[in-house]
Amino acid sequence: MFKFLLLIAVIAGAYYGYRYLNRREAEKAAEKLRRESQQASGQDMASRAPVAQKPAQPASEDMVACPACGTYRPASAPACDTPGCSANKAA
Ligand SMILES: [Zn+2]
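With this note's numbering as the guide, the letters of the sequence shown map in order to residues -1 to 89.
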């Protein structure tokens, strides 16, 4: 009879121990997910910031329409690549 009770105790202990470990694993996984998502958003911002800061020129620049092809380009740009473009010929 004592062996039977001991067996039940061992099984119950294993069951609750398993549940306890499972819960801890789930919590760890959730924590890991949370950290990874935070890192991902951090990397997102880190990868976006340099792109936004990259242009050495001012953020806003006047655009001028090409007289020949009508394409708008920055005033500081040399000329458009359209063949036969007057701005291209001038340059
Ligand atoms: Zn042009």
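No residue lacks a Cβ here, since even glycine has one placed at the ideal position from N, Cα and C. Computed from a predicted structure; not experimentally measured.
What does the alpha-carbon distance come out to for the pair Ala27 and Arg21? 10 Å
Quick check on DSSP: helix, strand or coil for Ala75? coil
Mind checking whether the beta-carbon of Ala66 lies closer than 8 Å to any heavy atom of ligand 1? yes
Taking the straight line between their C-alpha atoms, what separation do you get for Asp79 and Glu25? Those two C-alpha atoms are separated by around 58 Å.
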